[in-house]
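Undergrad: Residue numbers (our numbering), protein chains in the order written: chain H, 1 to 75; chain E, 76 to 687. A virtual CB, placed ideally from N, CA and C, is assigned to each residue, including glycine. Everything numeric in this text was worked out from a predicted model, so none of it was measured. Pasting a structure below so you can have a look.
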């Protein structure tokens, strides 16, 4: 299935892209996605799906917009 | 007593006199420094009801026991006074060599009284104090003033100065330093201007007293290196705070069109990636190894130092998505010495009020050229419009009428920072109960709200988180006086800060000792508020009404159809009051004040307003 990924802040440089559509296996979870993107699961982060935060084991659906961001603290 | 010099420098500009005053250990242990010193001194020495722009107001520079000591990230000072914008205690912190130089000159605190007869540069060098003419740079911006000072004294001195905004008593004029640092959002720069105090320069030669200098040197320098390595590893400084913009746009938290909208398809044009692509240099404060000030060139080739707050409020909130133009607006605010956040809210409110027919004018969202003219007019109080814009959104709304106060984006008179809380209840609370008005410095809980609780919740866990962060961010970091960034952005352990404090002072404080002082300072600021506004009510702790207005709900996106709910917000506010030990007006109860050893201050407050 196709989902759109938006990387945020320094994660852009870690993943090597800012925003793109990717093809992932059906039932891919947030944790699976981190492995696909080669982003450490241990890195403090917040993942949102269509603007809402997700749990590590939450599955994505076709057409979702997923943002992967460091845990900002508002300066 | 180690860590503290034990001295305050009191200067009177009217009489051109100065006095070195000692304070005792009890005062140091009770109020620690920075915001604690400033809040206590101004509470004791200012009579409620005074004109904040009159000679009876006092301008305070306060440092803490670890300020200026090489360690992460201690190059900061607190500036404070009665705020002309909010009408009660106001303060801010900024990076400045003053943190080291004033301490080396022998002082932890400077109190400036009275009003100079002519524009003045106050020069402090150890025991010497001089009242020098600043007429040469009166009328000039902060960059020229800073360059003039460096030309006279070299770059190693501690500097605080103001631009045209402060000189002309713009109510959100700030204090500036290091050509890029600014502090004192609630018009503390205007208080300097009201005293005809253009600049302060400090230079010192005596080492800051420490309990164990070799141990602190090893600890501090080692940790500075470690923070620098952590910053490199996480890549935080690549975009620094400007990375937040893209995230706020994803989660419907970005200010757009005077906070009417929460995201925008063109936001990417001004996000952290674009800022990094346009980067000229990165600047930081003294004793900093995670620099946050990314500079870009504007269309005129001027270097402008950006962070998230000014891109959010001078960019997306004005629907200006041309990064160099945002850079120009930011540059002008810095040059004039204006708070970029209040300035952004003032301009967006003006455009919104025109659009809604509350006033007439020729400014529209997206018009960067007119925005530049309006900033100039506000900084110089040019004409009727310049005077109006210089007074901040609350006073503008009162002048406009037509219920425009509902969308004047401020709390207690201080404009909100760049987080759109249309449906972020905990952050709305954080703005509502921030000590000095809607400042983001004291508590920022948006990622906590989204990740560890539900956005819909108005539960006690959010009030508890706000208090936890207030104790750390608005408390400890503001009274030991250090920058919070290594802790909040890199996860540098919070336990390190009592370690620095104890190594410098020879004490053995825990984090709980810090929280007790933080709670005391917060309560004292509330007493200050009560004294100035005896009719204080819980309504004063509400965010702008537009965030509760269903007609303002997003039509699409993650929070479509949702806004804050008034009764639920009130419940959240009550959780905060209950956990803090405040009464239904948001004022500390007598019992709370007694626990915090504020009986004497409470008795003084009762002369003006009732306590329960």
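Count the C-beta pairs between the region 86-104 of chain E and the region 154-165 of chain E that are closer than 8 Å, then say yes if the count reaches three, no if not.
TA: Not touching, per the Cβ criterion.
Undergrad: Using a Cβ-Cβ cut-off of 7 Å (strictly less than) and excluding sequence neighbours within five positions of residue 604 (chain E), which residues of its own chain qualify?
TA: Taking the first residue of the second chain as position 1, residue 604 (chain E) is located at position 529. Hits under 7 Å: 163, 611.
Undergrad: Taking only beta-carbon positions, decide if residue 56 (chain H) is within less than 8 Å of chain E.
TA: As a first step, residue 56 (chain H) must be located in the first chain, where it is residue number 56. Taking Cβ atoms only, chain E never reaches closer than 8 Å to residue 56 (chain H), which makes this a no.
Undergrad: Quick check: what's the CA-CA separation for residue 524 (chain E) versus residue 74 (chain H)?
TA: Along the second chain, one-based indexing puts residue 524 (chain E) at 449. Along the first chain, one-based indexing puts residue 74 (chain H) at 74. Spanning the two alpha carbons is a distance of roughly 13 Å.
Undergrad: Would you check if the distance between the CB atom of residue 286 (chain E) and the CB atom of residue 579 (chain E) is smaller than 8 Å?
TA: Locating residue 286 (chain E) in the second chain gives position 211, counting from the first residue. Locating residue 579 (chain E) in the second chain gives position 504, counting from the first residue. Yes.
Undergrad: Quick check: the region 294-310 of chain E against the region 264-282 of chain E, are there 3 or more CB pairs under 8 Å?
TA: No: fewer than three Cβ pairs fall under 8 Å.
Undergrad: Ignore the nearest five residues each way along the sequence and tell me which others in residue 315 (chain E)'s own chain have a CB closer than 6 Å to its CB.
TA: Your numbering for residue 315 (chain E) matches position 240 in the second chain. For residue 315 (chain E), where only same-chain residues beyond five positions count, the Cβ hits under 6 Å are 367, 369.
Undergrad: Say whether chain E places a C-beta atom closer than 8 Å to the C-beta of residue 67 (chain H).
TA: Residue mapping note: residue 67 (chain H) aligns to position 67 of the first chain, counting from 1. With 8 Å as the cut-off, residue 67 (chain H) counts as an interface residue toward chain E.
Undergrad: Identify the residues that DSSP records as bridge partners of residue 166 (chain E): which are they?
TA: Counting from one through the second chain, the residue named residue 166 (chain E) turns up at place 91. In the DSSP output, where bridge partners are listed per residue, residue 166 (chain E) has E:155.
Undergrad: For a contact defined as C-beta to C-beta under 7 Å, what are the partners of residue 314 (chain E) on chain H?
TA: Residue numbering aside, residue 314 (chain E) sits at position 239 when the second chain is read from its first letter. The answer, in chain order, is 9, 10.
Undergrad: So, residue 257 (chain E) versus residue 409 (chain E), is the Cβ gap smaller than 8 Å?
TA: By 1-based counting over the second chain, the position of residue 257 (chain E) is 182. By 1-based counting over the second chain, the position of residue 409 (chain E) is 334. Yes, Cβ-Cβ distance for residue 257 (chain E) and residue 409 (chain E) is below 8 Å.
Undergrad: Does any residue of chain H have a CB that is nearer than 8 Å to the CB of residue 383 (chain E)?
TA: The residue labelled residue 383 (chain E) in the question sits at position 308 within the second chain. Yes, residue 383 (chain E) lies at the interface with chain H (some Cβ there is under 8 Å from its Cβ).
Undergrad: So, using beta-carbon positions, are residue 397 (chain E) and residue 446 (chain E) closer together than 8 Å?
TA: For this step, residue 397 (chain E) is matched to residue 322 along the second chain. For this step, residue 446 (chain E) is matched to residue 371 along the second chain. No, the Cβ-Cβ distance between residue 397 (chain E) and residue 446 (chain E) is not below 8 Å.
Undergrad: Does the region 577-593 of chain E come within contact of the region 546-554 of chain E, defined as at least 3 CB pairs closer than 8 Å?
TA: Result yes; three or more Cβ-Cβ pairs closer than 8 Å.
Undergrad: Since residue 47 (chain H) contacts residue 22 (chain H) with CB under 8 Å, what's their CB separation in whole angstroms?
TA: The sequence position of residue 47 (chain H) within the first chain is 47, counting from 1. The sequence position of residue 22 (chain H) within the first chain is 22, counting from 1. Going by Cβ atoms, the distance from residue 47 (chain H) to residue 22 (chain H) rounds to 14 Å, so no, they are not a contact pair.
Undergrad: Kindly list, in the order they appear in chain E, the residues whose Cβ is closer than 7 Å to that of residue 53 (chain H).
TA: Within the first chain, the letter at position 53 stands for residue 53 (chain H). By Cβ distance, chain E contributes 525, 526.
Undergrad: Could you name the residues of chain E that residue 46 (chain H) contacts, counting a contact when the two beta carbons are closer than 7 Å?
TA: Position 46 of the first chain, counting from 1, holds the residue named residue 46 (chain H). Within 7 Å Cβ-Cβ: 522, 525, 526.
Undergrad: Taking buried to mean at least 16 other C-beta atoms within 10 Å of its own C-beta, is residue 477 (chain E) buried or exposed?
TA: The count along the second chain starts at 1 and reaches residue 477 (chain E) at position 402. Looking at its Cβ environment, which holds fewer than 16 other Cβ atoms inside 10 Å, residue 477 (chain E) is exposed.
Undergrad: Run through chain H and tell me which residues come within less than 9 Å of residue 515 (chain E), C-beta to C-beta.
TA: As a position in the second chain, residue 515 (chain E) is number 440, starting the count at 1. Correct list: 74, 75.
Undergrad: In three-state terms, what does DSSP make of residue 185 (chain E)?
TA: As a working note, residue 185 (chain E) is residue 110 in the second chain. Residue 185 (chain E) falls in the strand class under three-state DSSP.
Undergrad: Contact check, residue 233 (chain E) vs residue 277 (chain E) under 8 Å by CB: the rounded distance?
TA: In the second chain, the residue the question calls residue 233 (chain E) occupies position 158. In the second chain, the residue the question calls residue 277 (chain E) occupies position 202. Rounded, the Cβ-Cβ distance is 4 Å, consistent with contact.
Undergrad: Check whether chain H comes within 8 Å of residue 347 (chain E), counting only Cβ atoms and requiring the distance to be less than that.
TA: In the second chain, the residue the question calls residue 347 (chain E) occupies position 272. Residue 347 (chain E) counts as touching chain H.
Undergrad: Answer with yes or no whether the minimum CB distance from residue 18 (chain H) to chain E is below 8 Å.
TA: Here residue 18 (chain H) refers to the residue found at position 18 when the first chain is read from its first residue. Yes, residue 18 (chain H) counts as interfacial toward chain E.
Undergrad: Thinking just about the alpha-carbon of each residue, which of H:26, H:14, H:7, H:42 is nearest to the one in residue 63 (chain H)?
TA: Numbered from its first residue, the first chain carries residue 63 (chain H) at position 63. The candidate whose alpha carbon is nearest that of residue 63 (chain H) is H:26.
Undergrad: Is it true that the CB of residue 639 (chain E) sits closer than 8 Å to the CB of residue 665 (chain E)?
TA: Residue 665 (chain E) sits at position 590 when you count from the first residue of the second chain. Residue 639 (chain E) sits at position 564 when you count from the first residue of the second chain. Not a contact, by the Cβ cut-off of 8 Å.
Undergrad: Per the contact definition of three or more C-beta pairs closer than 8 Å, is the region 490-501 of chain E in contact with the region 414-434 of chain E?
TA: Result yes; three or more Cβ-Cβ pairs closer than 8 Å.
Undergrad: Using 8 Å as the limit for Cβ to Cβ distance, is residue 34 (chain H) near chain E?
TA: Reading the first chain from its first residue, position 34 is the one you call residue 34 (chain H). Chain E, which has no Cβ nearer than 8 Å to the Cβ of residue 34 (chain H), makes this no.
Undergrad: Residues in the same chain with beta-carbon distance under 8 Å from residue 496 (chain E), minus the five sequence neighbours each way, listed in chain order, please.
TA: For the purposes of this step, residue 496 (chain E) is taken as the residue at position 421 of the second chain. Cβ neighbours of residue 496 (chain E) beyond the five flanking positions: 328, 502, 503, 506, 618, 622, 639.
Undergrad: Let me see if you follow: with CB-CB separation under 8 Å, is residue 21 (chain H) close to chain E or not?
TA: For this step, residue 21 (chain H) is matched to residue 21 along the first chain. Residue 21 (chain H) does not count as touching chain E.
Undergrad: By Cβ distance, which residues of its chain are closer than 6 Å to residue 85 (chain E), with the 5 residues on each side in sequence left out?
TA: Locating residue 85 (chain E) in the second chain gives position 10, counting from the first residue. So the qualifying residues of the chain are 94, 96, 186.
Undergrad: Distance cutoff 8 Å, beta carbons only. Does residue 309 (chain E) sit that close to anything in chain H?
TA: Looking up residue 309 (chain E) in the second chain gives position 234. Closer than 8 Å to some Cβ of chain H, the Cβ of residue 309 (chain E) qualifies, so yes.
Undergrad: Can you tell me the Cα-Cα spacing of residue 32 (chain H) and residue 221 (chain E), whole angstroms?
TA: Numbered from 1 along the first chain, position 32 holds the residue referred to as residue 32 (chain H). Numbered from 1 along the second chain, position 146 holds the residue referred to as residue 221 (chain E). Residue 32 (chain H) and residue 221 (chain E): Cα-Cα distance of roughly 53 Å.
Undergrad: If you count every other CB in all the chains shown that lies within 10 Å of the CB of residue 150 (chain E), and 16 or more means buried, which is it?
TA: Here the question's residue 150 (chain E) lines up with position 75 in the second chain. It counts as buried.
Undergrad: Which stretch, first to last residue, makes up the alpha helix (DSSP H) that contains residue 664 (chain E)?
TA: The residue labelled residue 664 (chain E) in the question sits at position 589 within the second chain. It is not in any alpha helix (DSSP H) - residue 664 (chain E) carries neither H nor E in the DSSP assignment.
Undergrad: So with CB distances below 8 Å, who are the chain E contacts of residue 6 (chain H)?
TA: Indexing the first chain from 1 puts residue 6 (chain H) at position 6. Here the neighbours are 321, 325.
Undergrad: Does DSSP put residue 23 (chain H) in a helix, in a strand, or in coil?
TA: Sequence index remark: in the first chain, residue 23 (chain H) carries index 23 (1-based). Note: residue 23 (chain H) maps to strand in three-state DSSP.
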